[in-house]
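Protein chains in written order, with this note's numbering: chain A, 30 to 175; chain B, 30 to 175. From the three backbone atoms N, C-alpha and C, an ideal C-beta is built for every residue, glycine too. This one's a predicted model, so the numbers in the text were calculated from it and none came from an experiment.
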DNA sequence: TGTGATTAACTGTTCGAACAGGTAATTGCT
DNA sequence: AGCAATTACCTGTTCGAACAGTTAATCACA
């Protein structure tokens, strides 16, 4: 029994989830994290890098390079914004649609794995617990960041 | 409400926890992940790199470089194993003890933040939930890895 | 005892994550 | 209109994470 049970449990769960997601994405040709960008683009359509950063709670520098790699890999295309010369609009390429279904299936599988044999009520409890933890951590993060 | 509620919740909780841990470690001079190595060495004493890799569920290549950086930073010292010429024994330096208390306090703080105002019963429930998720994910990870 | 498999550590490479800065475009306010 | 602050994006750098492949030492067993 570790000294910080919750903290350690979160670390372990997150690492396992990460590992599984990575395995699943491997066949698709996406690196861990890139799937979040693609799903965002598939679902909400073309948008600015800054919009992606904000929605995914990411970093400007990380997004610049991630977009460049996705572009080199043919998953994404970028064009200058017509209204703001500083901004770049990113969109999923038609070719990327070929892997969309598989990415979405991977995430559905991941959820299914996590759920396991939990009953509907237990799933709901689990979600409550995670939301509670998130709220607690978020409050602390906000107070030290701000 | 996201399509994969548990998956997304885990991702968010883990990211917040990570951010907070990083903030806390910053003042100590340790990078995220290095604190796990140090705590292992502080608690269980000198040990082989391979032992660290196994206990922390890490990677041989990652550990090689992490140890080298910790050594350059003065937190760790390495010496050849007397019984196995392939192996290196790593130990925490006396100097590293200066930050031990602060690292341990940080982890205690992190736990306290996660716990928030949860009652003892709720904490126990939360732990059960996380253990359940871990077991589910672990089973899947093992079956695909093996 | 010698030989083939395993093990411990290392290098090379690519990636996301984070921080520090830097430039050009835009906005806000006087 | 003009200037300061903000914003969007970028580069440089350091880190852990993961994968592939190398070398040297050790082990297992025929």
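>> Residues of the stretch 104-128 of chain B in Cβ contact with chain A at a cutoff of 8 Å, in chain order, please.
In response: Here the close residues number zero.
> Per DSSP, which one or two residues make a beta bridge with residue 64/A?
Replying inline: According to DSSP, residue 64/A bridges with nothing at all.
>> Below 8 Å on the Cβ atoms is my contact criterion, and I expect residue 35/B with residue 156/A to pass it. Report the Cβ-Cβ distance as a whole number of Å.
In response: Cβ atoms of residue 35/B and residue 156/A come within 8 Å of each other, at about 6 Å.
>> Contact criterion: CB-CB distance below 8 Å. Does residue 144/B meet it with respect to chain A?
In response: Residue 144/B belongs to the set of residues whose beta carbon lies under 8 Å from a beta carbon in chain A.
> What span of residues does the alpha helix (DSSP H) with residue 24/B cover, start to end?
Replying inline: Since the first and last residues shown for chain B are 30 and 175, residue 24/B lies out of range.
> What residues from chain B crowd round residue 10/A, counting only those whose CB sits closer than 8 Å?
Replying inline: Outside the displayed range of chain A (30 to 175) lies residue 10/A, so it cannot be described from this structure.
>> Quick check on the burial criterion: 16 or more other C-beta atoms within 10 angstroms. Buried or exposed for residue 165/A?
In response: Residue 165/A is buried by the Cβ-count criterion.
>> List, in chain order, every chain A residue whose beta-carbon is nearer than 7 Å to that of residue 167/B.
In response: Per Cβ cutoff of 7 Å: 45.
> Between residue 73/A and chain B, is there a C-beta pair that is closer than 8 Å?
Replying inline: Cβ-Cβ to chain B under 8 Å: no for residue 73/A.
> For residue 35/A, which residues in chain B fall below 8 Å Cβ to Cβ?
Replying inline: Think of a sphere of 8 Å around the beta carbon of residue 35/A: the chain B residues whose beta carbon falls inside it are 140, 143, 144, 152, 155, 156, 159, in chain order.
> Counting contacts by CB-CB distance shorter than 8 Å, is residue 41/B in contact with chain A?
Replying inline: True, the Cβ-Cβ gap to chain A drops below 8 Å.
>> Let me see if you follow: with CB-CB separation under 8 Å, is residue 91/B close to chain A or not?
In response: At a cut-off of 8 Å between C-beta atoms, residue 91/B does not count as an interface residue with respect to chain A.
> What are the boundary residues of the beta strand (DSSP E) that residue 135/B is part of?
Replying inline: No beta strand (DSSP E) contains residue 135/B, which is instead part of the alpha helix (DSSP H) from 126-144.
> Can you tell me the Cα-Cα spacing of residue 41/B and residue 163/A, whole angstroms?
Replying inline: Their Cα atoms are separated by approximately 7 Å.
>> I'd like the ranges of any alpha helix (DSSP H) spanning at least 4 consecutive residues and lying wholly in the stretch 75-102 of chain A.
In response: Runs of the alpha helix (DSSP H) lying entirely within the stretch 75-102 of chain A and spanning at least 4 residues, in chain order: 78-85, 89-101.
> Name the chain B residues whose beta carbon is nearer than 7 Å to that of residue 173/A?
Replying inline: Neighbours of residue 173/A across chain B, judged by C-beta separation under 7 Å: 52.
>> Tell me the residue span of the beta strand (DSSP E) that contains residue 109/B.
In response: In the DSSP assignment, residue 109/B falls within the unbroken beta strand (DSSP E) covering 105-109.
>> Can you find the residues in the same chain that come closer than 7 Å, C-beta to C-beta, to residue 63/B, ignoring five residues on each side of it along the sequence?
In response: The residues are 95, 99.
> Looking at C-alpha atoms only, which residue of 118/B, 134/B, 90/B, 149/B is the closest neighbour of residue 73/B?
Replying inline: Out of 118/B, 134/B, 90/B, 149/B, 118/B has the C-alpha closest to the C-alpha of residue 73/B.
> Where does the unbroken beta strand (DSSP E) through residue 117/A begin, and where does it stop?
Replying inline: First-last of the beta strand (DSSP E) with residue 117/A: 117-121.
> Would you call the stretch 130-140 of chain B and the stretch 106-120 of chain B touching, i.e. three or more CB-CB distances under 8 Å?
Replying inline: In the pairwise beta carbon analysis, the stretch 130-140 of chain B is classified as not touching the stretch 106-120 of chain B: fewer than three pairs are separated by under 8 Å.
> Which bits of chain B does residue 48/A rub up against, with CB to CB less than 7 Å?
Replying inline: Near residue 48/A (Cβ distances below 7 Å), the residues of chain B are 170.
>> When you measure from the CB of residue 110/A to every non-hydrogen atom of the ligand SAH, does any distance come out below 7 Å?
In response: In the structure on display, the ligand SAH does not appear, and there are no ligands present to speak of.
> Which whole-angstrom value describes the C-beta separation of residue 38/A and residue 160/B, a residue pair presumed to lie in contact below a C-beta threshold of 8 Å?
Replying inline: Rounded, the Cβ-Cβ distance is 7 Å, consistent with contact.
> Would a check of beta-carbon distances place residue 85/B closer than 8 Å to chain A?
Replying inline: Not one chain A Cβ lies under 8 Å of residue 85/B.
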